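*Asks:* Shown below is the structure under consideration.
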Amino acid sequence: LRTINVALIGNPNCGKTTLFNIASGAREHVGNYSGVTVDAKSGTFKYKGFRFNIVDLPGTYSLASYSPEELYVRRYLKEKTPDVIINVVDASNLERNLYLTTELIDMDRSMVIALNMADELERSGRKLDFKTLGEMIGVPIVPTSARNGSGINELFDTVISVFEGTDPAVRHIHVNLGNDIEQALSELKDTLKENPHIGRHFSPRYLAIKLLESDSEVEEMVRSLPDGKEILGLRDKKLQKLSEIQKDADVNMSIANAKYGFIAGALAETLESSKKEEINST
Ligand code: GDP
Ligand code: K
Ligand code: MG
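Written as structure tokens, this is what we have:
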């Protein structure tokens, strides 16, 4: 029996625990991480000749290092390196949920999107061309309704095909952050890529973006490298240059805006508003 380690990652309330329970057959109540203790719950099940180890991670809106949940998910990704990430998104709240997706894309991990609450999307009368959206972001998307169990088999079929490298929707793309930032990232990324002391858990692009964002945990990691000072010096130079080009702009804000812009563009092409909304807006 081959094993596939799967991690559920998504915003709070997108249905991760419901999906975890229906997949692993767990019936016990799983806490909602709103307290002090941030923890993950894991379970095991067999499907189509594979043993799945599945973990239900705390809900998080991003992979910054601000909240305990964000730090927990990041450390999990660094230390446990799941084979396939299931990014659970709430289909009725795509704009916000897909922000985390853009951060996972930066990481270059194997992943599948569970377009959960597909029943709610349908009820709202809107239609999402999820196949095209999946092709645009390079990640296969499978509609699911964890509450009634629909789409769950298709989801794990897709996890298997991503694990085996046979899924046609998988592409390496990155969200373009605009010329100025892309230029700043380019040299940083190359320096990180060639550094023999950096583990391969996080992609050079992800680390370079986090350095531009002055992410304290990534800064600390880089500072501990033999040539960490030089890398941080290069980062400071890039930030300095960016502040000269983009006078009043805040780098973190520019990065977030570029990502939200990408999401808005992708949804404008793939998400059809309901008839009711169209009538109301004219
Ligand atoms: P988590 O915070 O991501 O773990 O989300 P939960 O699994 O706790 O689910 C949050 C709420 O959404 C619960 O009330 C679930 O019953 C509900 N829910 C989960 N999946 C679905 C779904 O596919 N459709 C609908 N309509 N509700 C769902
Ligand atoms: K809800
Ligand atoms: Mg939960």
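When we follow full-length UniProt numbering, the leftmost residue of the sequence shown carries the number 106, and every step to the right adds one. Heads up, the beta-carbon is just placed ideally off N, CA and C, and yes, glycines get one too. Small disclaimer: the values here were computed from a predicted structure and weren't measured.
If you drop the 5 nearest sequence neighbours on each side, which residues of the same chain put their C-beta closer than 6 Å to that of PRO163?
*Replies:* TYR138, VAL143, GLU174 and TYR177
*Asks:* Can you find at least 3 beta carbon pairs, one from the segment 212 to 227 and one from the segment 366 to 374, that sit closer than 8 Å?
*Replies:* no
*Asks:* Which of helix, strand or coil does DSSP assign to MET216?
*Replies:* strand
*Asks:* If you draw a straight line from the alpha carbon of CYS119 to that of LYS364, how long is it in whole angstroms?
*Replies:* In this model, CYS119 and LYS364 are separated by some 20 Å (Cα to Cα).
*Asks:* Mind reading off the beta-carbon distance from HIS306 to LEU330? Whole number of angstroms is fine, and I expect it under 8 Å.
*Replies:* Their Cβ separation, rounded to whole angstroms, is 15 Å, which puts HIS306 and LEU330 out of contact at 8 Å.
*Asks:* So, with DSSP's three-state summary, where would you put ALA373?
*Replies:* helix
*Asks:* For THR165, does the count of other Cβ atoms within 10 angstroms reach 16, so buried, or fall short, so exposed?
*Replies:* Classification of THR165: buried, given that the 10 Å Cβ count is 16 or more.
*Asks:* At 3 residues or longer, and completely inside the segment 183 to 208: list those beta strand (DSSP E) runs for me, N to C.
*Replies:* 189 to 195
*Asks:* Quick check on ARG132: does DSSP put it in helix, strand or coil?
*Replies:* Residue placement at ARG132 is flagged as unreliable, the pLDDT there being 47, under the threshold of 50; a coordinate-derived value is accordingly withheld.
*Asks:* On the three-state DSSP scale, how would you describe VAL244?
*Replies:* coil
*Asks:* Following the continuous beta strand (DSSP E) through SER147, name the residue where it begins and the one where it ends.
*Replies:* Per DSSP, SER147 belongs to the beta strand (DSSP E) from 146 to 152.
*Asks:* With a threshold of 6 Å on Cβ separation, who are the neighbours of ILE190 within its own chain once the five nearest residues in sequence on each side are excluded?
*Replies:* ALA112, ILE114, ARG214 and MET216
*Asks:* Return the bridge partner residues of SER250 from the DSSP annotation.
*Replies:* SER255
*Asks:* Leaving out the 5 sequence neighbours to the left and right, which residues in its chain are closer than 6 Å to SER308 when beta-carbon positions are compared?
*Replies:* MET212 and ASP213
*Asks:* What does the alpha-carbon distance come out to for the pair VAL327 and LEU337?
*Replies:* 7 Å
*Asks:* Taking only the alpha-carbon atoms, compute the straight-line gap between LEU226 and THR296 and give it to the nearest angstrom.
*Replies:* 44 Å
*Asks:* When you compare each of ILE265, LEU168 and GLN288 to LYS342 by their alpha carbons, which one comes out closest?
*Replies:* GLN288
*Asks:* Return the chain-ordered list of same chain residues with a C-beta closer than 7 Å to the C-beta of ASP320, the five sequence neighbours on each side being excluded.
*Replies:* ALA169 and SER170
*Asks:* Ordered along the chain, which non-local residues of its own chain (more than five positions away) have a Cβ less than 6 Å from that of ILE278?
*Replies:* GLY243
*Asks:* State the start and end residues of the unbroken alpha helix (DSSP H) segment that holds ARG310.
*Replies:* 309 to 317
*Asks:* Is GLU269 helix, strand or coil when you go by DSSP?
*Replies:* Here GLU269 sits in coil by DSSP.
*Asks:* Report yes if the C-beta of LEU124 is less than 8 Å from at least one heavy atom of ligand 1; otherwise report no.
*Replies:* Under cutoff, so the answer is yes.
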